[in-house]
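*Asks:* Below you'll find the structure I mean.
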Amino acid sequence: IAREMHDIVAHSLSVVIAQADGARYVARQDPAVAEQTLRTIATTARESLAEMRRLLGVLRAPEATGTHPLPGLAQIDQLVDELRDSGVAVSTERVGQRRMPLPAGAELAAYRFVQEAFTNVLKHAGPAVAVHVTRAWNGDGLTITVSDDGRGAAADAAGAAQGHGLQGMRERVGLYGGTVTTRVRPGGGFVVSASIPYGED
1 IAREMHDIVA
11 HSLSVVIAQA
21 DGARYVARQD
31 PAVAEQTLRT
41 IATTARESLA
51 EMRRLLGVLR
61 APEATGTHPL
71 PGLAQIDQLV
81 DELRDSGVAV
91 STERVGQRRM
101 PLPAGAELAA
111 YRFVQEAFTN
121 VLKHAGPAVA
131 VHVTRAWNGD
141 GLTITVSDDG
151 RGAAADAAGA
161 AQGHGLQGMR
171 ERVGLYGGTV
181 TTRVRPGGGF
191 VVSASIPYGE
201 D
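Under my numbering, the first residue of the sequence shown is numbered 1, with each subsequent residue one higher.
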């Protein structure tokens, strides 16, 4: 429950804050951009509210299966779009082909991993950051890597490596036999990777 609450609330609020700051600066110079930014804020807030309601519904009625599918690999592109809308330069790369589907829970773990990595970028990386996301399939499973060239202080990078969000990443991915690794880039920035195996055939 703590992991779900952290992932949903921290990510959504980080996006909303970044968007609101951006809208404040461009409101006079480019009202159309400011209007689009406000739409993104509203959409992010509504999606977060829907996820919170889904989570609370599960807690109230454990026997219910729910009507909303859980996010997975297919929704990672939406996270990328949200980060771009926050003013962050994001590039993506896909390597290899999947040999078999991941379990739904493992896909959710991958989605939450990327979500938390993006939250850390917004919180710690500093202005004018560039992010690169790699999704690589190999014979063992999927490895997702999120790297940034953050201009934030080294203490911020260290904070990203120590926080509750990273603990949640490791717990989620570990449930499916996966691992999470992190490192601070020598020239500045942060790299976090999750390797998730296919599981049993």
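C-beta atoms are modelled at their ideal positions from N, C-alpha and C, and glycine is treated no differently.
For L73, which of L49, R98, G188, L83 has the nearest alpha-carbon?
*Replies:* Nearest of L49, R98, G188, L83 to L73, Cα basis: R98.
*Asks:* Between the alpha carbons of V146 and Q19, how many angstroms are there, rounded?
*Replies:* Taking the straight line from one Cα to the other gives about 21 Å.
*Asks:* Leaving out five residues on either side along the sequence, give the residues of the same chain with a beta carbon under 6 Å from the beta carbon of M169.
*Replies:* Result list for M169: F113, E116, V180, in chain order.
*Asks:* In the DSSP assignment, the beta strand (DSSP E) including L102 goes from what residue to what residue?
*Replies:* Run containing L102: none; DSSP gives neither H nor E here.
*Asks:* In three-state terms, what does DSSP make of L79?
*Replies:* Helix at L79.
*Asks:* Look at the alpha carbon of T134 and the alpha carbon of L38, and state the distance between them as a whole number of angstroms.
*Replies:* Approximately 29 Å, taken between the alpha carbons.
*Asks:* Using a threshold of 8 Å, state whether the C-beta atoms of A34 and A45 are closer than that.
*Replies:* No; because the gap between Cβ atoms is not below 8 Å, this pair is not in contact.
*Asks:* Within a Cβ cutoff of 6 Å, which residues of the same chain sit near G165, ignoring the five residues on either side of it in sequence?
*Replies:* The residues are E116.
*Asks:* For the putative contact between G141 and I76, defined by C-beta atoms under 8 Å, what is the C-beta separation to the nearest angstrom?
*Replies:* No, G141 and I76 are not in contact; Cβ-Cβ is about 16 Å, not under 8 Å.
*Asks:* Roughly how many angstroms separate the alpha carbons of V184 and A32, rounded to a whole number?
*Replies:* If I take the Cα positions, the gap works out to 38 Å.
*Asks:* By a C-beta neighbour count over all protein chains shown, 10 Å radius and 16 as the cutoff for buried, is D85 buried or exposed?
*Replies:* Buried, because 16 or more other Cβ atoms sit within 10 Å of the Cβ of D85.
*Asks:* If you compare alpha carbons, which of A89, G105, R94, T92 is closest to P69?
*Replies:* The option with the nearest alpha carbon to P69 is G105.
*Asks:* So what's P197 in DSSP terms, helix, strand or just coil?
*Replies:* Strand.
*Asks:* What residue from T182, I41, L122 has the CA that sits closest to T143's CA?
*Replies:* Of T182, I41, L122, the residue nearest in Cα terms is T182.
*Asks:* Can you tell me where the beta strand (DSSP E) holding L142 begins and where it ends?
*Replies:* Here the beta strand (DSSP E) through L142 covers 141-148.
*Asks:* Quick check: what's the CA-CA separation for T40 versus V16?
*Replies:* If I take the Cα positions, the gap works out to 8 Å.
*Asks:* Suppose you measure from the CA of A110 to the CA of S193; what does that come to, to the nearest Å?
*Replies:* Answer to the nearest angstrom: the Cα atoms are 10 Å apart.
*Asks:* Starting from V133 and walking both ways along the beta strand (DSSP E), at which residues does that stretch end?
*Replies:* 130-137 is the span of the beta strand (DSSP E), which, as asked, contains V133.
*Asks:* For V88, name the three-state secondary structure that DSSP assigns.
*Replies:* V88: coil per DSSP, three-state reduction.
*Asks:* Taking the straight line between their C-alpha atoms, what separation do you get for V121 and G96?
*Replies:* Cα to Cα, the separation comes out at about 26 Å.
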